[in-house]
Structures are given as C-alpha cells and as structure tokens.
Amino acid sequence: MTEPRFSTVDERFMRLALAQAARAAEHGDVPIGAVVVRGGEVVGAAGNERERQADPTAHAEILALRAASRRLGGWRVPDSVLYVTLEPCAMCAGAIVLARIPRVVIGAPDPKAGAAGSVLNVLSEPRLNHRPTVESGLLGEQSATLLRTFFAQRRG
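Everything in the sequence shown is counted per our numbering, starting at 30 for the first residue and increasing by one.
Shown next, in the form of structure tokens:
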C-alpha cells in the first residue's frame, strides 16, 4: 500500500481554503479560496473579492499573499505553503514566484486559465528564478463542486 500523498495537516488547511471560497460565493464572487501557512500557522487567508472590491487583481491568492506579507513584514514568504482551491491563473502564479513560496497545494485544475500546468506552466518555468513544488488534487472534487454549483446558480 502506498502512503497518502497529502497529510492530514494538508487536508485541514485545504478545508480552510474551501471555507474561504464558500465565503466568497456568499458575496457574489467566484468561490476560490487561498490560505498561506508558515510553521503550522495560518499567516494569510482570503477568498476572491473581485466583485466586492471592484478590482480585477483581488484574487484569493493575491489577497492571501498580501496578508501573509504584512504579517511577516516583507514581500518574501519563505518556509510556507500556499493552499488554493483552484489552479492559479498567470497573474497569481507570477505573484507566487515573486513571493518565493516554496510549496503550492492545489485543489482543482483550471483547464481554461490555469498557469500551473493546464494552460501555462509559470510555476515550473525554468527561466524564472524560483520554482515552487506543486502538488495538485487535494480535495479537488469538493473545490470543483463548489465552482459548478456557483455557476449553475448564476445561470439558473
């Protein structure tokens, strides 16, 4: 029997990201959530707020990275893990690289805009100065269901 790919700690933090995603849906934003963890402690967490802030850059990952940077007192976020419910877009992937996040754990893939292997692979681009470890699929079905439900309600 093989060891589980993700730990119970990983699952706990991804569930926190899912809770952030659910909160985003409550105020009309696409339900994507992100949590930055360092030393077993959440140092940044957010859901999408593009609609709430009328800001195209108010993605969950960006907001969580901003919170982590403020809390840690610098733009680098070393020795941390970013848990995100949906594969990051190119903008968020670029911010992850710039923040020097060492590990990214993704819920569901994004076949339309994902920049961690689906459409682009910014997080593994060898010409960039930082390449985080990327692991995908943790609670991916829950993440995808949250998104499908949100869009079905918007269309219906």
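Where is the CB? At the ideal position from N, CA and C, for every residue including glycine.
Quantities reported herein were computed from a predicted structural model and do not represent experimental measurements.
{"Item": "My output table needs one value for residue 44: the three-state DSSP class, helix, strand or coil.", "Value": "helix"}
{"Item": "Evaluate residue 136 with the Cβ neighbour count: other Cβ atoms within 10 Å of its Cβ, from every protein chain shown; 16 or more gives buried, anything less gives exposed.", "Value": "buried"}
{"Item": "Using DSSP with H/G/I as helix, E/B as strand and the rest coil, what is residue 153?", "Value": "helix"}
{"Item": "Quick one: measure Cβ to Cβ for residue 41 and residue 109, integer angstroms, because I've assumed they're closer than 8 Å.", "Value": "Contact doesn't hold; Cβ gap of about 16 Å is too wide."}
{"Item": "Evaluate residue 182 with the Cβ neighbour count: other Cβ atoms within 10 Å of its Cβ, from every protein chain shown; 16 or more gives buried, anything less gives exposed.", "Value": "exposed"}
{"Item": "Is residue 76 near residue 61, with beta carbons less than 8 Å apart?", "Value": "yes"}
{"Item": "Just the Cα atoms here: how many angstroms apart are residue 106 and residue 130?", "Value": "6 Å"}
{"Item": "Within its chain, find whatever has a CB closer than 8 Å to the CB of residue 80; leave out the 5 residues flanking it on each side and keep chain order.", "Value": "56, 57, 58"}
{"Item": "Which residues share a DSSP beta bridge with residue 134?", "Value": "112, 164"}
{"Item": "Hey, would you say residue 112 sits closer than 8 Å to residue 46, going by beta carbons?", "Value": "yes"}
{"Item": "Classify residue 173 as helix, strand or coil using the three-state DSSP reduction.", "Value": "helix"}
{"Item": "Determine the direct distance from the alpha carbon of residue 151 to that of residue 167, and round the result to whole angstroms.", "Value": "20 Å"}
{"Item": "From the DSSP output, read off the bridge partner residues of residue 73.", "Value": "65"}
{"Item": "Do you know offhand how far residue 165's Cα is from residue 84's?", "Value": "27 Å"}
{"Item": "Taking its Cβ as the centre, do 16 or more other Cβ atoms sit within 10 Å of residue 179, making it buried, or is it exposed?", "Value": "buried"}
{"Item": "With a 10 Å radius around its C-beta and 16 neighbouring C-beta atoms as the bar for buried, classify residue 73 as buried or exposed.", "Value": "buried"}
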